[in-house]
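Number of protein chains: 2
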Amino acid sequence: MRLSPAITELIRALRILPGVGPKSAQRMAFQILERQREGGAELAHALTTAIEKVGHCEVCRTLTEQSVCELCADEQRRDSGLLCIVETPADVLAIEQTGQFQGCYFVLMGHLSPLDGIGPDAIGLDKLAERLASEAITEIILATNPTIEGEATAHYIAEIARQQGIATSRIAHGVPVGGELEYVDQATLGHAFSGRKRVELD
Amino acid sequence: MRLSPAITELIRALRILPGVGPKSAQRMAFQILERQREGGAELAHALTTAIEKVGHCEVCRTLTEQSVCELCADEQRRDSGLLCIVETPADVLAIEQTGQFQGCYFVLMGHLSPLDGIGPDAIGLDKLAERLASEAITEIILATNPTIEGEATAHYIAEIARQQGIATSRIAHGVPVGGELEYVDQATLGHAFSGRKRVELD
Chain H
1 MRLSPAITEL
11 IRALRILPGV
21 GPKSAQRMAF
31 QILERQREGG
41 AELAHALTTA
51 IEKVGHCEVC
61 RTLTEQSVCE
71 LCADEQRRDS
81 GLLCIVETPA
91 DVLAIEQTGQ
101 FQGCYFVLMG
111 HLSPLDGIGP
121 DAIGLDKLAE
131 RLASEAITEI
141 ILATNPTIEG
151 EATAHYIAEI
161 ARQQGIATSR
171 IAHGVPVGGE
181 LEYVDQATLG
191 HAFSGRKRVE
201 LD
Chain F
1001 MRLSPAITEL
1011 IRALRILPGV
1021 GPKSAQRMAF
1031 QILERQREGG
1041 AELAHALTTA
1051 IEKVGHCEVC
1061 RTLTEQSVCE
1071 LCADEQRRDS
1081 GLLCIVETPA
1091 DVLAIEQTGQ
1101 FQGCYFVLMG
1111 HLSPLDGIGP
1121 DAIGLDKLAE
1131 RLASEAITEI
1141 ILATNPTIEG
1151 EATAHYIAEI
1161 ARQQGIATSR
1171 IAHGVPVGGE
1181 LEYVDQATLG
1191 HAFSGRKRVE
1201 LD
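Chains as they are written, first to last, in my numbering: chain H, 1 to 202; chain F, 1001 to 1202.
This is the structure we're talking about:
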């Protein structure tokens, strides 16, 4: 049995969503057509609007509708002299939710991956070098992912920063808060030991 | 930090999809805007087209672009005299994939649920009664879900069929093929015993 072409096409199109396989896509398509037509129409509209309007911030490359995003437009943040380097806009959101960082961001929109043809320019490192030369940045905080590519990217950026004489730090890796030692992987536990901090009692 | 309104709206709209919570919706939105803009535009178009074009089959109520669906238009199936009652279009698809049934379908688009105000007319039982009176149907196969509501609906339809003098059967419930007895629930195992078949050796 063939489904009608419009349904087949909808199921195919839904599969671009991350984590959606053939079965989930079919379930989503039927749910929309059976019970969520209004919501489906709103989704179509939201998709069109977002794709049309959302571009990249001229300063930090994150996703935004304005030419300069809210965070980059914040003078207090610019004056802090802190610049945090992350891989994706979702990382910015995660860091903002901690409330621990009051500086600016630079979003790579990926990481160095020479095998996939992603070099320094593809992740905006030319633009980053310009910013480091022109802005009064006192410290760069490398918050790329703790993966092989993320580490390599962090190392590459640390090298650029050193040439400009800017202090650079890497976010701490260790045992997650609330985690149990027993279930932490070896690499993380190794990092937790090498990055240990002396307990200061007064 | 507030995300730009178009992104927030996209994340909200994605949550109508079944099984998509706030985190997945955010991941989907970023993935579309970072890497899948073309796919996102296609999805918006597919949604609009499907919502506009797909309606219900006049004969069996399933989702289709035509006024009468492919299966109902098939004369060989109509001549079989078999009518299978299911709850959703996805059930039709699942049964068609077995290749075991060559008759027609009637899709309830739900089940009886008096507490939610879903009575016989809401699931098209008036239309079903008309079909039973006017068409040459020899057997009704009840394939509603083995839930309380599904069983109640099956029972209700069996009653209508009896008034018209049409033979009615219920699909078999029992141990799933490839399953292990140890992990089968009590109700299913009970069904498997009460529905046992004699082994015929020649």
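Just so it is clear, CB atoms sit at the ideal spot from N, CA and C, and this is done for glycine as well.
Model, not experiment: these values are computed from the prediction.
Checklist line | Buried versus exposed call for PRO1089 (chain F) [16 or more other C-beta atoms within 10 Å across all chains shown] | finding: Buried, by the Cβ-count rule.
Margin query: Helix, strand or coil for THR98 (chain H)? Go by DSSP, reduced to three states.
Written below: Here DSSP, grouped into helix, strand and coil, assigns THR98 (chain H) to helix.
Check: Below 8 Å between beta carbons: does that hold for ILE231 (chain H) and LEU112 (chain H)?
Finding: Chain H is shown only over 1 to 202; residue 231 (chain H) falls outside these bounds and no answer can be derived.
Margin query: Using only the alpha-carbon positions, how far apart do THR188 (chain H) and GLU87 (chain H) sit?
Written below: Rounded to the nearest angstrom, the two C-alpha atoms are 20 Å apart.
Note to self: DSSP three-state label for ALA136 (chain H), please.
What the structure shows: In this structure, DSSP gives ALA136 (chain H) a state outside helix and strand, which the three-state scheme calls coil.
Check: Considering only residues of the stretch 1012-1063 of chain F, which uninterrupted alpha helix (DSSP H) runs meet the minimum length of 4 residues and lie entirely inside it, listed in chain order?
Finding: Runs found: 1022-1035, 1037-1053.
Check: Using a beta-carbon distance cut-off of less than 9 Å, what residues from the stretch 14-29 of chain H approach chain F?
Finding: For chain F, the residues of the stretch 14-29 of chain H that bring a beta carbon within less than 9 Å of one of its beta carbons are LEU14, ARG15, ILE16, LEU17, PRO18, GLY19, VAL20, SER24, GLN26, ARG27, MET28, ALA29, in chain order.
Item checked: GLU200 (chain H) classed as buried or exposed, judged by whether at least 16 other C-beta atoms fall within 10 angstroms -> Note on GLU200 (chain H): under 16 other CB atoms within 10 angstroms of its CB, so exposed under the neighbour-count rule.
Checklist line | Pairwise C-alpha distance: ARG1037 (chain F) and SER1134 (chain F) | finding: For SER1134 (chain F) and ARG1037 (chain F), the distance between alpha carbons rounds to 51 Å.
Next item on the list: Note down, in chain order, all residues in the stretch 33-62 of chain H with a beta-carbon under 7 Å from any beta-carbon belonging to chain F.
Entry: Within the stretch 33-62 of chain H, those residues whose Cβ lies closer than 7 Å to any Cβ of chain F are, in chain order, LEU33, GLU34, GLN36, ARG37, GLY39, GLY40, ALA41, GLU42, LEU43, ALA44, ALA46, LEU47, THR48, THR49, ALA50, ILE51, LYS53, VAL54.
Item checked: As assigned by DSSP and simplified to three states, the class of LEU83 (chain H) -> Looking at LEU83 (chain H) - three-state DSSP - the assignment turns out to be strand.
Notebook entry, point to check: Between ILE1137 (chain F) and the rest of its own chain, which residues show a CB-CB distance below 8 Å, the 5 nearest in sequence each way excluded?
Noted result: Cβ-Cβ distances below 8 Å link ILE1137 (chain F) to GLY1081, LEU1082, LEU1083, ARG1131, ILE1166 in the same chain, with the five nearest sequence neighbours on each side left out; the list follows chain order.
Item checked: Three-state secondary structure (DSSP) of LEU201 (chain H) -> Coil.
Checklist line | chain H contacts from the stretch 1096-1124 of chain F (Cβ-Cβ distance under 9 Å) | finding: Those residues of the stretch 1096-1124 of chain F that come within reach of chain H (Cβ to Cβ, closer than 9 Å) are GLU1096, GLN1097, MET1109, GLY1110.
Check: By DSSP, does THR1147 (chain F) sit in helix, in strand, or in coil?
Finding: DSSP places THR1147 (chain F) in coil when its eight states are reduced to three.
Checklist line | Selection from H:MET28, H:TYR183, H:THR168 that minimises the alpha carbon distance to PRO1018 (chain F) | finding: Distance check between PRO1018 (chain F) and each of H:MET28, H:TYR183, H:THR168 places H:MET28 closest, using alpha-carbon atoms only.
Note to self: Counting only Cβ-Cβ distances shorter than 8 Å, please list the residues of the stretch 168-184 of chain H near chain F, keeping chain order.
What the structure shows: Under the 8 Å Cβ criterion, the stretch 168-184 of chain H contributes no residue.
Margin query: Just to confirm my understanding: we take GLU75 (chain H), look at its own chain, exclude 5 residues before and 5 after, and list those with CB closer than 7 Å. What are they?
Written below: Closer than 7 Å at Cβ, skipping near neighbours: no residue.
Check: So ILE157 (chain H) packs on ILE85 (chain H), CB below 8 Å; how close in whole Å?
Finding: About 6 Å; that satisfies the 8 Å criterion.
Check: So which residues of chain H does GLU1065 (chain F) contact, with C-beta pairs closer than 9 Å?
Finding: Simply SER4, PRO5, ALA6, ILE7.
Margin query: Under DSSP, the beta strand (DSSP E) around SER1194 (chain F) begins and ends at which residues?
Written below: From DSSP, SER1194 (chain F) is part of no beta strand (DSSP E) but of the alpha helix (DSSP H) over 1186-1194.
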